[in-house]
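Colleague:
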Amino acid sequence: MVQSLMSMEQLQLISDLLRGADWALAHGDLGTLGDVATRLTTHVAKPLQKDLRSIAEHTRDDPDGAISLWVSTRQTLHTYLCDRAEGV
């Protein structure tokens, strides 16, 4: 399968959102984590969109679940970005 590459601008935006989510998590701000997860859905492939929507939903009623999902999804997002950054 051929991976579509992202522009430097797209990569920077996603990287900024990831930092925002990490900041939110570090400060216990689950509302912001949910907002960032929702914003990230427009920039990633469908399988990741599902995970990010789930994180956003869990921030409202299952904080521990949201945190656990973010920790596992963040590494997948990092790999996703690295795969699309080649040649940028």
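Numbering (the working numbering), first residue to last: 7 to 94. Where a beta carbon is used, it is the ideal one built from N, C-alpha and C, also for glycine.
At what residue ranges does the segment 25 to 84 contain a whole run of the beta strand (DSSP E), taking only runs of 3 or more?
Modeller: Whole beta strand (DSSP E) segments, 3+ residues: zero.
Colleague: Excluding the 5 residues flanking VAL50 on each side, which residues of the same chain have their C-beta closer than 8 angstroms to its C-beta?
Modeller: In the sequence shown, counting from the first residue as 1, residue 50 sits at position 44. Once the five neighbours on either side are set aside, the close Cβ partners of VAL50 are ILE20, LEU58, LEU83 and TYR86.
Colleague: Could you tell me the distance, in whole angstroms, from the CA atom of ASP41 to the CA atom of LEU17?
Modeller: Counted from its first residue, the sequence shown places residue 41 at position 35. Counted from its first residue, the sequence shown places residue 17 at position 11. Distance between the alpha carbons of ASP41 and LEU17: 19 angstroms.
Colleague: Note down the Cα distance separating LEU31 from PRO53, rounded to an integer number of angstroms.
Modeller: For the purposes of this step, residue 31 is taken as residue 25 along the sequence shown, with counting starting at 1. For the purposes of this step, residue 53 is taken as residue 47 along the sequence shown, with counting starting at 1. LEU31 and PRO53: Cα-Cα distance of roughly 22 angstroms.
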